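Just so we're aligned: the sequence shown equals residues 1255 to 1421 in my numbering.
Glycine residues also receive a C-beta, built at the ideal position from the N, C-alpha and C atoms.
Since we're looking at a predicted model, the values are computed, not measured.
Read the structure below first, then the notes.
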Amino acid sequence: MKGISRIWDKIQEYILIISGSAVCILIFISALMRYILKKDFYGSEEIILFIAFWLYFTGSMYAAKKDTHITADMISIFTTNQKIIYLFGNIRNLVSLFINVLVTKWCIDYVLWSIQLGGRSDVFKIPHIIGQIPILISFAMWTVYTFMRTMKSIEEYKKIRKGGEVT
1255 MKGISRIWDK IQEYILIISG SAVCILIFIS ALMRYILKKD FYGSEEIILF IAFWLYFTGS
1315 MYAAKKDTHI TADMISIFTT NQKIIYLFGN IRNLVSLFIN VLVTKWCIDY VLWSIQLGGR
1375 SDVFKIPHII GQIPILISFA MWTVYTFMRT MKSIEEYKKI RKGGEVT
């Protein structure tokens, strides 16, 4: 399982590096053509948008796995009681899991609806599904990561309730 996880991390890292570089290069080329060469890079925004979807949602998924996304966890400011901190952490994780499952379901419905419509971009006729797949993958994986974090958090809470320590 750890081998698959490492491969998945590498895939995400490559997507982030390639898509981030591509967005920067395309914006640079677009600005160069528009302001220096006085030419229009017709459809550049369309290409950038599709690549940016992969960049943003892969980054979101990666942050969710590494648990480095933005949180508003303030319980530890108000108490040092580990039981209370872990209890509220479990509540937060369960609410997050519920929301993730709900949003993932909406993403599945949206992607299926998009496939039925068969929409394409205006300039290059790129199927819209290309920009929507990373949204679905991101939320699905975020749900998996939240589930795993919730299970781990529940186990840690059980240890603390019995008087043990979490490592």
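Counting along the chain, the unbroken alpha helix (DSSP H) around F1332 starts and ends at 1329–1332. Judged by DSSP secondary structure, S1375 falls outside any alpha helix (DSSP H); it is assigned neither H nor E. Between W1262 and the set I1414, F1342, K1319, G1373, the nearest pair of CA atoms involves K1319. Taking 3 residues as the shortest admissible run, the stretch 1310–1366 contains no complete beta strand (DSSP E) segment at all. Under the 10 Å beta carbon count, I1369 is surrounded by fewer than 16 other beta carbons and is classified as exposed.
Residues F1295, S1298 of the same chain have their beta carbon placed closer than 7 Å to that of S1284, with the five preceding and five following residues left out of the count. Around the beta carbon of W1367, fewer than 16 other beta carbons sit within 10 angstroms, so the residue counts as exposed.
The residues Q1336, K1337, Y1340, V1420, in chain order, have a CB closer than 8 Å to that of I1414 in the same chain once the five nearest residues on each side in sequence are set aside. Distances from the alpha-carbon of D1376 to those of Y1268, I1279, I1301 put I1301 closest. The Cβ atoms of N1344 and Y1411 lie closer than 8 Å to each other. Comparing alpha carbon positions, the residue from F1304, I1391, I1384 closest to I1265 is I1391.
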